[in-house]
Amino acid sequence: MKPKRYPPIFQSVPADEFTDREEIIGMLIERATNTPRDMTLSASIVGQRRLGKTAVMEQVYNRLFWEQDEVVPIYFNFESQPTTSTELAWIYFTNFLKQYVAFRLKDDVLACRDNWDVELKDLVALAETLADDPIAHFAGRVFRLLNSPTALLHFKLQAAIYLPRQVMEYNRARWKPETPIFVMLDEFQNILLINYSDGKPARMTGLYQWAVEGRQCPHFVTGSAVRLINQEVLGTGALFGRFRYIEFPPMENVYGLELVEKLAFKYSLTIPEPVAGYIVTRCGGNPFYIRCVVMQAMEQRYEKVENEQTVNDLIAHEITHGQIWRDWGSQLQRYFEQINSYYISKRILFHAARYDDERIVPEEIAAEVERPVDEVVRVLRQLAFAEMIDARGGPIFYNLKDPILRDFINTQYELDVEKQSLESIHQKLLQEYKSLKGKYADAVGALVEARIGALLNRFDGRTVPGRLFHVEGKVQLPRFHYVSDTLVKPPGERAYQIDLKGSWRTGYDFAAWVVEVKHWKKRVTADVVEKFVAAYTALAQETKLVGVVPWLVNKGGFTKGAIEALEQHSIYYSGAAEINELLRGFGIERLLPEESG
């Protein structure tokens, strides 16, 4: 019998496009379901814009809504525009009450309704029918407080924010079990945009201090302006030390490939795997950029995306007048509505982009644009809110490591300030992209490495047949603390790139798997093995590893001499067939092409 399927409450990404993120979804659901056991602390999930944080939160909410009955899931998204405390209090209260009651009644229709589409009086009355539930005690009280013309604005906002924890704790004084609640707050950095009606900041961090400390009411917050949320929201003042930190990285290459494949199938495109790998690499694993590039190919009526030149043309089109251009343009406009501010912000942004990876110097920009330094700092701070630069506390700013965003910034300046034509900017970008030829070869080579990296990240302590590594018996696959690449310099040799190193702790020391990944059609020879031996031996000495497990991978196989050298040095080795069996075992469907001979 097939498992019953439930309709999603939230779904910003179509089900046939959603890819990967199962690891972080599983981790969040585990933490949510551990809430009744007092094992879950509030945490921040932070990553750059458009990486899919909202889609993950939605998936977690949907599964918690349908698959369990104990922990009440609550999801709220802070708008990226100035909001008054009164507006927020009403929206926050309505959202909490609607989702709480919908969960108790398993009413997905109610849960899906927009806050403005809910008759709050009727919702309060419905909550009060849940006689044995703490929400029946609070719904009417908070509703009356928010309606009171004499209540202080601060107390209204406080009542809305405190409500989840108050509901959770209500039964404690009655010697009954507490009511576990798992709160997910999206784009949490936007609490800095909340003001009282007189324009004074609402100081939301102070209000949230008590709310997030509830032992069975953890708050999991997301943010895109990475440094801004860490330094100015969670890194100082009332919320300092009250959140665990969870990094939300770009999509792994192997799943970026899967996303390209899904989109290509959906839109009847042919995209060979090497070209798909180039798309993923150029987009930095950003699923939004990947979707835009593939959609651009569909809109231009391509049947096949054949090579890197085609991809570069699609990216150039997207940056100059495609969806990426519209998305970043609206993001910039949202923070600078006035024409004068919009114009000067673009000039400041362009000058900031010229600093590349160095610290941005507001005083130098102020001299260039002939504006006061404090105005430049204010604009840079707004640009950090717009997620176009990286704020690291106070007047310290850097550029984001996003080449597509950098190209967009230059395009905006050339369009609006230098008044160049779209056609000339497009051609200029294409000329610049010609210098990226090496990236295509790198992308092709990275496809195999991406699969092995995905494998290492999923090792979980299980044992597998030794034949997968050409050894006898069983091989244990340890759970690694870190998986990364590194450089090492063997004696008398040039620096050597270690493709992958998986480290795990044994007591107070570290051991490691050291992996050399080849993507050759030809067989590896003995001299390659000897260089690998010198490299991992030097690495063990440099990093004082107590144990090394060397592993050499080549999809094209190994010569007889190489096999003799591998076995002499007790090196694990695997070809495409063995790697594919491991990939299947860990649920990774993207397999290596198997070379013959």
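Numbering (my numbering), first residue to last: 26 to 622. For glycine and all other residues, C-beta sits at the position ideal for the given N, C-alpha and C.
Note down the Cα distance separating residue i from residue j, rounded to an integer number of angstroms.
| i | j | result |
| --- | --- | --- |
| residue 397 | residue 391 | 6 Å |
| residue 27 | residue 92 | With a pLDDT of 47 at residue 27, under the threshold of 50, the predicted position of this residue should be treated as unreliable, though the coordinate-derived value follows. Going from the Cα of residue 27 to the Cα of residue 92 covers about 15 Å. |
| residue 189 | residue 51 | 24 Å |
| residue 244 | residue 411 | 24 Å |
| residue 162 | residue 357 | 44 Å |
| residue 307 | residue 99 | 36 Å |
| residue 83 | residue 97 | 14 Å |
| residue 589 | residue 551 | 8 Å |
| residue 385 | residue 375 | 11 Å |
| residue 364 | residue 434 | Legend: pLDDT at residue 364 = 47, less than 50; position of this residue unreliable, value from coordinates given subsequently. Distance between the alpha carbons of residue 364 and residue 434: 18 Å. |
| residue 624 | residue 35 | Outside the displayed span of the chain (26 to 622) sits residue 624, for which this structure offers no information. |
| residue 53 | residue 59 | 10 Å |
| residue 631 | residue 354 | In the structure displayed, the chain extends from 26 to 622; residue 631 sits before or after that span and is not available. |
| residue 487 | residue 538 | 15 Å |
| residue 531 | residue 607 | 25 Å |
| residue 134 | residue 336 | 42 Å |
| residue 533 | residue 570 | 11 Å |
| residue 402 | residue 228 | 21 Å |
| residue 265 | residue 259 | 5 Å |
| residue 66 | residue 344 | 41 Å |
| residue 313 | residue 153 | 43 Å |
| residue 76 | residue 614 | 22 Å |
| residue 69 | residue 328 | 42 Å |
| residue 57 | residue 207 | 6 Å |
| residue 177 | residue 187 | 15 Å |
| residue 46 | residue 279 | 12 Å |
How would you label residue i, buried or exposed, when you count the other beta carbons within 10 angstroms and need 16 or more for buried?
| i | result |
| --- | --- |
| residue 233 | buried |
| residue 183 | buried |
| residue 150 | exposed |
| residue 490 | exposed |
| residue 142 | exposed |
| residue 44 | buried |
| residue 273 | buried |
| residue 446 | exposed |
| residue 86 | buried |
| residue 219 | buried |
| residue 424 | buried |
| residue 200 | exposed |
| residue 506 | exposed |
| residue 541 | buried |
| residue 168 | buried |
Excluding the 5 residues preceding and the 5 following residue i in the sequence, name in chain order all residues of the same chain whose CB lies nearer than 6 Å to its CB.
| i | result |
| --- | --- |
| residue 603 | 493 |
| residue 197 | 203 |
| residue 584 | 548 and 550 |
| residue 237 | 67, 244 and 267 |
| residue 185 | 114, 117 and 118 |
| residue 612 | none |
Starting from residue i, follow the alpha helix (DSSP H) in both directions and report where the run begins and ends.
| i | result |
| --- | --- |
| residue 626 | Any answer about residue 626 is impossible in this case: the structure gives the chain only from 26 up to 622. |
| residue 589 | 585 to 593 |
| residue 49 | 47 to 58 |
| residue 449 | 447 to 458 |
| residue 79 | 78 to 92 |
| residue 421 | Run containing residue 421: none; DSSP gives neither H nor E here. |
| residue 281 | 278 to 291 |
| residue 579 | Run containing residue 579: none in the alpha helix (DSSP H); it sits in the beta strand (DSSP E), 572 to 579. |
| residue 606 | 601 to 610 |
| residue 161 | 160 to 172 |
| residue 438 | 428 to 441 |
| residue 317 | 312 to 324 |
| residue 327 | Here residue 327 belongs to no alpha helix (DSSP H), and DSSP marks it neither H nor E. |
Apart from the five residues just before and just after residue i, which ones in its own chain have a Cβ nearer than 8 Å to its Cβ?
| i | result |
| --- | --- |
| residue 263 | 230, 231, 233 and 234 |
| residue 128 | 90, 97, 98 and 136 |
For the beta strand (DSSP E) that contains residue i, what are its first and last residues?
| i | result |
| --- | --- |
| residue 527 | 521 to 531 |
| residue 209 | 206 to 211 |
| residue 339 | Residue 339 -> not in any beta strand (DSSP E); alpha helix (DSSP H) instead, spanning 333 to 346. |
| residue 499 | 499 to 501 |
| residue 488 | 488 to 490 |
| residue 511 | 507 to 513 |
| residue 70 | 68 to 71 |
| residue 543 | 534 to 543 |
| residue 270 | 269 to 272 |
Here's a check: name, in chain order, each residue in its chain whose Cβ is nearer than 7 Å to the Cβ of residue i, leaving out the five neighbours to either side.
| i | result |
| --- | --- |
| residue 148 | 122, 123 and 126 |
Please report whether the beta-carbon of residue i lies at a distance below 8 Å from any beta-carbon of chain C.
| i | result |
| --- | --- |
| residue 317 | No chain C appears in this structure, which consists of one protein chain only. |
Entirely enclosed alpha helix (DSSP H) segments - the region 95 to 155, minimum 4 residues: 110 to 130, 133 to 137 and 145 to 153
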